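With the numbering used here applied, the sequence shown covers 107 to 394. Quick reminder that beta carbons are idealized off the backbone N, C-alpha and C, glycines included. The structure presented is a predicted model; accordingly, all values stated were derived computationally and were not measured.
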Amino acid sequence: MLKKYKAIFFDWDGTAVLSRKASAREAIEAMRPLLQKGIKLVIVSGTTIENIAGGKLECFFTEAELENLYLGLGRGAYNYTFRDGKPYVFKSMVPPKQELLKIHRICFEIHQELKEKYNFDTDIVFSRPNYCKIDIMVENQRGENLFMQEDELGRLKTALKEHGIEEGLQGLMRLAEKTGKKYGIEVCPTCDAKYLEVGVTSKSHNVDCILEQICRDGEILPEDCAYWGDEYLGIEDGIFGSDSFMRTERSQKGDFFDVSEASGIRPEGVLEVGGGVEKFLGFLHEQN
107 MLKKYKAIFF
117 DWDGTAVLSR
127 KASAREAIEA
137 MRPLLQKGIK
147 LVIVSGTTIE
157 NIAGGKLECF
167 FTEAELENLY
177 LGLGRGAYNY
187 TFRDGKPYVF
197 KSMVPPKQEL
207 LKIHRICFEI
217 HQELKEKYNF
227 DTDIVFSRPN
237 YCKIDIMVEN
247 QRGENLFMQE
257 DELGRLKTAL
267 KEHGIEEGLQ
277 GLMRLAEKTG
287 KKYGIEVCPT
297 CDAKYLEVGV
307 TSKSHNVDCI
317 LEQICRDGEI
327 LPEDCAYWGD
337 EYLGIEDGIF
347 GSDSFMRTER
357 SQKGDFFDVS
367 EASGIRPEGV
377 LEVGGGVEKF
387 LGFLHEQN
């Protein structure tokens, strides 16, 4: 018998919808009956609320349904509930402006060192509220499919070796951590092959914050929760995709599922189910 969960945490891009421009109608229709039953649904994504269902997610649900919907967005930055049918940030983890500027400097130094030592080109997205995205595959464009593609990892490893970066992604992560310490900041770098993301928070902070919120009254326990994503995949030894950060000391008693079709190693405790968006939406329907 399929286990019934009291709370379901899930990534958005690549798990609930194929791309940000794809229709969210099927996801919304799968979510609605669960929200009506009182099951907590938690969208955990590195993006901002403007990129979830066109920035109008609350328009698709009643106020009663929205009482069971939570959003953990911006790579730890924002944690939302809904009040009077509108999104409400009940906890923000956006760093102060001066700390954010230090993160910008850290990322620019990483960019400079890669160019000076290895002639390795990168681009930087500075506009995120709590981190920077360093594009380490500048010639590779994902188009509307923003999740990691099947062949990206191999191409990245080849490019790093061609430029003499023998330590691969491990070296990039260590470079980020070392540069952060120079500025007195303990950074939390993550990587999905195309982007090295450098900030002080991650999806772990979203999950822990919202898990504490929904478990507060004791009716939901950590083992009552499921966590679905498409970016658990191991990128290098000991380095896993952004969804792996949903598995924390607090959440580890829950069940974790990966819908990615990409081959490779997943973190311990993550069940590889494949099937992409269709598989996840099918799971939501089965939970009804």
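Legend entry - Uninterrupted alpha helix (DSSP H) stretches inside the stretch 292 to 348 (no shorter than 4 residues): 309 to 320
Legend entry - Among P202, S198, K197 and F232, nearest to F214 - alpha-carbon criterion: As a working note, residue 214 is residue 108 in the sequence shown. Checked all of P202, S198, K197 and F232; the closest Cα to F214 is F232.
Inset, instruction - Can you say whether G182 is buried or exposed, counting buried as having 16 or more other CB atoms within 10 angstroms of its CB? - result: Within the sequence shown, residue 182 is the residue found at index 76, counting from 1. So G182 ends up on the buried side.
Inset, instruction - Note down the Cα distance separating L275 from R372, rounded to an integer number of angstroms. - result: In the sequence shown, residue 275 corresponds to position 169, counting from 1. In the sequence shown, residue 372 corresponds to position 266, counting from 1. For L275 and R372, the distance between alpha carbons rounds to 17 angstroms.
Inset, instruction - Tell whether a beta-carbon distance below 9 angstroms holds between E171 and L141. - result: Taking the sequence shown and counting its residues from 1, the one referred to as residue 171 is at position 65. Taking the sequence shown and counting its residues from 1, the one referred to as residue 141 is at position 35. Taking 9 angstroms as the Cβ cut-off, E171 and L141 qualify as a contacting pair.
Inset, instruction - Could you spell out the range, first to last residue, of the alpha helix (DSSP H) harbouring T187? - result: Numbered from its first residue, the sequence shown carries residue 187 at position 81. Element bounds for T187: not the alpha helix (DSSP H) but the beta strand (DSSP E), Y184 to R189.
Legend entry - Distance CB(F115)-CB(G360) smaller than 9 angstroms: Along the sequence shown, one-based indexing puts residue 115 at 9. Along the sequence shown, one-based indexing puts residue 360 at 254. Taking 9 angstroms as the Cβ cut-off, F115 and G360 qualify as a contacting pair.
Legend entry - Three-state class that DSSP yields for E222 in the structure shown: Indexing the sequence shown from 1 puts residue 222 at position 116. Correct three-state label for E222: helix.
Legend entry - Collapsed DSSP secondary structure at S198 in the structure displayed: Working through the sequence shown from its first residue, we reach residue 198 at position 92. Of the three classes helix, strand and coil, the one that applies to S198 here is strand, per DSSP.
Inset, instruction - Let me know the secondary structure DSSP gives F167 once reduced to three states. - result: The residue you call residue 167 lines up with position 61 of the sequence shown. Here F167 sits in coil by DSSP.
Inset, instruction - Look at the alpha carbon of A122 and the alpha carbon of D229, and state the distance between them as a whole number of angstroms. - result: By one-based count along the sequence shown, residue 122 stands at place 16. By one-based count along the sequence shown, residue 229 stands at place 123. Cα to Cα, A122 sits roughly 28 angstroms from D229.
Legend entry - N-terminal and C-terminal residue of the alpha helix (DSSP H) that L275 is part of: Position 169 of the sequence shown holds residue 275. Start and end: G274 to K288.
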